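For reference, the structure is listed below as structure tokens.
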Amino acid sequence: VSYERSKPYINHLKTLGKNILVAKGNLNYRSGYRAIHEDDLQHFRRSTMSMLGMEHYITQSCGVSSLTELTAKTNAETSDRSTGNQHLLRPPRIGIATRTASRRVHGAHNISSLLQDELDLKYRPPVFLMESLSFEEQVELFANVDILLTPHGAHLTGVPFMPRCGSVIELLPYGYDWNEFFGTLTAMSGLNHSYIYLGEDPVAETRFFHKRNRDQEVRSADICVPAHRVIEAVKIQVDHWHQCCGSAP
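Here it is in structure tokens:
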């Protein structure tokens, strides 16, 4: 985004306080970060969406895209409050983010097709080129994806705009196990975070390259992730989404 286009957003951020995104998280390698809720970050989300004219994304419920859609489809939703069972209006929306310069996801469209077949989806998960999107378009993208498969990258600062009960599956190159960068932010946003590391020993391999000042080399590597690991990871997050939405008021 050009400086001129981003100036209103930068000025908006200055009004929210310098420490709004500072947090600590406990890392569990297998499970990633568990979701917590941070009032200040939710305030950041609401304020930013209001500034961008996206108020319809602020209040969301599982299974619908916005408060407007929720109101329009109230009669179509059936729920049994006594048993806690709820029929959702739609399945979770899965999206794949990739890049053009570095950390490209090889075979992203093939992965999308495979996910459609393996999960019996009525749609093919869209593939997004993050560099081609304006800031506003990126915010709208995050607001309309429940489960995001994505390489590690600065675009993940947009995760606070994702809907409730959402999940991020971060793809980390060999020798670059820096999942805590966005794992904590994801948890602060009330979302689940998991990651697929493309190596065997993340601690040792990351230390090897870091000691040799080769971080830039490994962080720029393209992503070629085994299909079976993607399917397994997405299925886990789909289950989490259903569990979260089923218990949501």
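Heads up: the sequence shown at position 189 corresponds to 189 in full-length UniProt numbering, and the numbers run straight through without jumps. Each residue gets a CB set at the ideal place from its N, CA and C atoms; glycine is no exception. Keep in mind the model is a prediction, meaning the values are calculated, not measured.
Which term fits residue 253, buried or exposed, when burial requires 16 or more other beta carbons within 10 angstroms of its beta carbon? For residue 253 there is no data in the structure shown, the boundaries of the chain being 1 and 249.
Across which residues does DSSP place Gly170 in a beta bridge pair? As a position in the sequence shown, residue 170 is number 170, starting the count at 1. As written in the sequence, residue 170 is Glu, which differs from the Gly given in the question. Residue pairing for Glu170: DSSP places it in a beta bridge opposite Thr150 and Tyr195.
Among Arg164, Asn213 and Thr150, which has the Cα closest to the Cα of Phe182? The residue labelled residue 182 in the question sits at position 182 within the sequence shown. That would be Thr150, whose Cα lies nearest to the Cα of Phe182.
Quickly, what does DSSP pair Leu129 with across the bridge? List them, please. What you label residue 129 is simply residue 129 of the sequence shown in a count that begins at 1. Thr98, per the DSSP bridge assignment.
Starting from Ile223, follow its DSSP beta bridges and name the residues at the other end. The residue given as residue 223 occupies position 223 in the sequence shown. Note: Ile223 is bridge-paired with Val105 in the DSSP secondary-structure output.
Ser134 - DSSP class collapsed to helix/strand/coil: Here residue 134 refers to the residue found at position 134 when the sequence shown is read from its first residue. Coil at Ser134, not helix or strand.
Span of the alpha helix (DSSP H) around His43: Here residue 43 refers to the residue found at position 43 of the sequence shown. Start and end: Asp39 to Met51.
Please name the residue in His152, Gly246 and Val105 whose C-alpha comes closest to that of Ala227. Translated into positions along the sequence shown, residue 227 becomes position 227. For Ala227, the nearest C-alpha among the options comes from Val105.
CB-CB under 7 Å to Thr186, same chain, minus the five flanking residues each way: which ones, in chain order? Within the sequence shown, the letter at position 186 stands for residue 186. Only Tyr33, Val159, Val168 and His193 meet the Cβ criterion.
Integer Cβ distance of Gly199 from Leu148, believed to fall under 8 Å: The sequence position of residue 199 within the sequence shown is 199, counting from 1. The sequence position of residue 148 within the sequence shown is 148, counting from 1. Incorrect: roughly 22 Å between the Cβ atoms, too far for contact.
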